[in-house]
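Before any comments, here is the structure.
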Amino acid sequence: MDITMNHITMIYPSGKKALQDVSVHAKSPGFIGVLGPNGAGKTTLMKLLIAGLLPTKGEILLDGKPLLSQEKKLKAQLGYLPQSFGLYEELTVWQFLDYMAALKGVKGKAAIEEVLMRTNMTERKKARIRSLSGGQRQRVGIAQALLGDPKLMILDEPTVGLDPEERVKFRNIFSEMAQNKIILLSTHIVEDVQAVCSRVLVIYDGRILYDGSPSELIQETAGHVGIYLSADGQTVFDGCQMVSKVNVSDGIQCRVVAQELPECAKTAEPTLEDAYLYCIHRKGGRQ
Amino acid sequence: MSLISLYRVELRRMFLSRRIWVGALCGILTPLLGVIGNETLPSVSSRYIANPVLTATAVSAMLWAVLIILEASRLHRSGVYLLTDAASSPRALSAARMAAAMTVTAAVSILCAIVYLPYTAVKMEYLFDPVFYAANYLIFMLLTGWISVLFADTFYQITRRVELSVILYALLAYFNFSGYAQNDYFMRWLYPYVIVYSDGFQSWWFLRIGFYTRLMWLCIALASWMFSLLCVRKYEKNAAVSLIRGMRRVYLPVLTVCFAVLGAGLWKYQPFIDHETDSEVNNRMIDTPTTNASAIRYFLTAEPVTGRLSGRAEYDLKEPYTGEDKLYLNPGYRVSRMSYGGKEIAFRTVDDDNAGVRSTYFTIPEKKEGTLVIEFGGLPQLRKTHAPYIIAAFIDWESIQLGMRSAAPMLNYACRDGAEVEITIPGSLTPYLNDLPMTEYVECENGMKTWKCRTQEDAIYNFVAGAYETDTFTASDTNIHFVYGKAYEQAVRQYDINQAVKDVFAYCSRHYGALGLTQDQTMRLQQVTAMLMGGHAREGYLEWFETVLSPITLADADKGASATEVFIHEMIHQWWGGYGLVCSEEGSNLWSEEGITVYATYRLVKEKYGELYAKQYYVDNWRKTVEMQERNFYNRHPEYLEHLPEKYQTQLSMENESTNWYDRMPLMILKAEKLVGGEENMDKIMRKMYADRGDYAQIGFTYADFLDYCGLSESDLELTPKDYMTGEEDAGV
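Chains as they are written, first to last, in my numbering: chain A, -3 to 283; chain B, 212 to 944.
What follows is the structure, encoded as structure tokens:
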């Protein structure tokens, strides 16, 4: 599978520019993490890719053909988990997955059993959806996205509401599945992206600030991450983006990213989170 | 994924929905509302089929409408659509959901038919017809359910708002019950119009027009739903943009237009009711010179499946009229061919069915002897100004009613030898032509019979056919042919109806004198389908209401002045009215044959059932009705009457006429009875009136004549409050 976005601009009727001249190309196999602050345009990007929105400008191609003419093909190969979604409350987990499997044209009970097992919902398969907890609902959402081993998976904040253990588990499941497909994972949890994604997109204010491997992004940040101890209470320096503040016995230990680190700071080994913040700070012009 | 697979998926989901199950259960209960509702309907089919089915039709249709709106909105409110739309096309899903909803409504309608079958069969006893019963549920409840869900989903798909959709649907439902649609078969999409069902002769005509109107509304609903399908939101666009984008799928707008055109065409070209207007004269006369025909022959075929008549009329003419001549036919008929002397002649039909007729103009080319042949056919139409109450011409499986221009062309042709008639009808029916039985027939291959006879009249005034039985017996030296529907055979035996007929003849002959009949002392008492809402009488022939023999009427001991007594009333008309003493209504809005017949009925009932019964169900009712008439504001203050809309003025006038005939006048005769010295003396006076009937055959027996016979003046019989106020037991009467 091959999916291409060429110079996509998306302006909502309200006038809000959600994406500006965005170009992305993805080919299977590939596990792409999409990082960006709230309102950056991640969800819009996702919706455009599932043909849930029409771009104002630009074109999206699926295997070289316009996406709109390939909607059937797209839907037949798509596993989608939106950021927020609803389920038929009166159905049991099994009935809902059976319904979604039928909608997707996935035949056989084995496929349902498999996703139930993968999402750790086998024991709750006879439970009514209305009786599930928030995390369990999220797992049902993931399960329906996994149905039929789709070639393209678009997951918008899939691990929201899951406990850390579950989050890691799902992260690994997605990683395993990425062997033969394209997975787009939108998340706020940089750690997840770092753990599993071979490629990362950093979106800010409707523009792609970075498109490449996480390691390259980290490399770009080398020498721009610093740690210093603030004993006098001064934690903020001009041109610095605070990553973390930790109260220690002799003051506040601050971790910052900056084009030029303050003199008091010692350079530190960058993480993807540092790199992400540095990217937004530097290229996005965020203060 | 194919639409069929999506349909299966949606159907399976709907059957998993508790809300749908609750809706289905409520839907199954809806006929109960009709069962426990109106109990005044005059036939068991009306009460136990029409009433439950029509109530269920309207209530369940509204129920499904609300359910489909909630079901569709739930998808969006809960956000499930985010998942489903990613898996399948929202339009295809919407179509599948609609197909599933229609399946569920159909299943509930069929289930209703099954659930209520035993109850209906038990209640209707020997009058139960399972095919007619099932057809009612399928045509009315099922199809209306479909129409309803289509409209409801239309409103939701366009507005995407529950409250707005419900309001729009409610407005559409209200339209059905509004004044505009109230008396219109075609506008009542939600609660179909059925005046009365026949028990013994079926009423497929109502199902035929019901099916047609459902089909028409289904096309309109499908057109609107297809349109709304174009508005299904895609790419997060609003309705208008979605509509414009939806137009790119050409088949959807094409289907929308096709269904809209089909619906409009079905409405415009409906074949059941003519297009006459209220202002037109009811009966046109042909103003061309009368032509004498040496022979007239009619060859007719009544087709029960389609309800159509096809026929050929032949007129042997010696000196034909060569100017432009015209003939009238029922507006539902068309002349297909005309010839004279073996040669085709031109004709033109004018679509001016304003007066309940369609005119066809033709000219016979030369004044020489020949045979005029007219071939015609079509579905007999009702008159718009009479619909929905008078269903005067129809062809059904178990009943046929035709007459005048509904049976054959009306021309100004006369034939001294009458006419030869051949008519092919279903083999199970027994025909009567111009009130006389047809006796000769030949069997046809398709289960039909062709009946032949010569009638004294040169036109077909009245043709009736039904599944009849005939009992022949003697009552007061009169040979009675008691003709009734085969379905009523059990009732006739069980309730000894023949004996009741004998009682009436015995009473009237004893009190008023022997009935004036034809020379062979024979009288036919013929039951007619309830659909006719009336009947007629002539010498030796009397039509009586079908419902007289319905189980409801016969078993209802509390009813008092029952339908059996209506039957008695109609028979008494043979003495007072019709071919007995003819009354003149001229100059009086009070005096008619009805008053004296009602009084005579009361007397017979009093003799048969006792004074208390007669007082309770006759005299007290007369008083009550007259009192209401006297208390009516507009009767007390007629100066305000003109401020009322014409419709209400007419209504009041009709009510007053009915009260005058059926209540006031009997009360006045009862007062006269007291003043002349009691019942015995009144009987003597009435016997003399009846004996002198010949003197009044032409001029009519007036109220003044009645007063003369009684030796009373007008003022003697004027009613005072004491005469009619209920509770005034010692009143003049």
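Idealized CB from N, CA, C, for every residue including glycine.
query, result
"Beta-carbon separation (whole angstroms), A/A264 vs A/V221, contact threshold 8 Å", "5 Å"
"Of the listed residues B/P482, B/W787, B/Y380, B/T331, nearest to B/A725 (C-alpha basis)", "B/W787"
"Expected contact under 8 Å - CB spacing of B/R749 and B/D682 to nearest Å", "The Cβ separation is near 21 Å, so there is no contact."
"Buried or exposed (CB count within 10 angstroms, at least 16 for buried), A/V242", "exposed"
"Contact set between the segment 280 to 295 of chain B and chain A, restricted to residues whose Cβ is under 7 Å from the partner", "S289, G290, V291, L293, L294, T295"
"Chain A contact for B/Y408 (CB, 8 Å cutoff)", "no"
"Local Cβ density within 10 Å of B/E853, reported as buried at 16 or more and exposed below that", "exposed"
"Chain B within 8 Å of A/I46, Cβ atoms only", "yes"
"6 Å CB neighbourhood of B/M782 in its chain, flanking five on each side removed", "V715"
"Proximal residues of chain B, C-beta to C-beta of A/E86 below 9 Å", "L227, S228, R229, R230"
"Test item: CB-CB of B/G658 and B/G677 under 8 Å", "no"
"Where B/K445 falls: helix, strand or coil (DSSP)", "coil"
"Segment limits, beta strand (DSSP E) that includes A/C236", "236 to 244"
"Sub-8 Å separation of B/L590 and B/P482 beta-carbons", "yes"
"Backbone secondary structure at B/Y526 - three-state DSSP", "strand"
"Residues of its chain near A/P62, where Cβ-Cβ distance is below 8 Å and the 5 sequence neighbours each way are ignored", "E55, I56"
"Identity of the residue in A/K262, A/S65, A/R124 nearest A/V89 by Cα", "A/R124"
"Nearest residue (CA-CA) to B/F917, options B/V584, B/K578, B/S795, B/Y718", "B/S795"
"CB contact flag (A/A47, A/L70, <8 Å)", "yes"
"Nearest candidate by alpha-carbon position, reference B/M458, set B/Y446, B/T685, B/V584, B/L440", "B/L440"
"Nearest to B/G888 (by Cα), restricted to the options B/T861, B/V342, B/L923", "B/L923"
"Alpha helix (DSSP H) runs wholly inside the segment 672 to 745 of chain B, at least 4 long, in chain order", "700 to 705, 708 to 723"
"Residue environment, B/P926, which counts as buried when at least 16 other CB atoms sit within 10 Å", "The sequence given here has Ser at residue 926 of chain B, not Pro. Its Cβ having fewer than 16 others within 10 Å, B/S926 is exposed."
"is_contact[A/M42, chain B] using C-beta, thresh 8 Å", "no"
"Delimiting residues of the alpha helix (DSSP H) encompassing B/L801", "Neither: B/L801 is in no alpha helix (DSSP H) and is coded neither H nor E."
"Beta bridge counterpart(s) of A/M1 as assigned by DSSP", "A/V20, A/I56"
"Chain-ordered chain B contacts of A/F27 [CB-CB under 9 Å]", "Within chain B, no residue comes near A/F27; the closest Cβ sits about 20 Å away, beyond 9 Å."
"Residue range of the beta strand (DSSP E) that includes B/P637", "630 to 637"
"Through-space distance from B/Q710 to B/A276, alpha-carbon basis", "54 Å"
"Residues that B/R444 contacts on chain A, provided the C-beta gap is smaller than 8 Å", "By Cβ distance, chain A contributes nothing, its closest Cβ being about 11 Å from B/R444, past 8 Å."
"Rounded C-alpha distance that separates A/H277 from A/Q237", "7 Å"
"Contact set for B/A267: own chain, Cβ-Cβ below 7 Å, skip 5 residues either direction", "T241, P242, G245, C323, M352"
"Opening and closing residue of the beta strand (DSSP E) in which A/S182 lies", "178 to 182"
"A/G26 - DSSP class collapsed to helix/strand/coil", "strand"
"Supposed close pair B/I611, B/I636 - CB separation, criterion 8 Å", "6 Å"
"Under 8 Å between C-beta atoms of B/T571 and B/L538", "yes"
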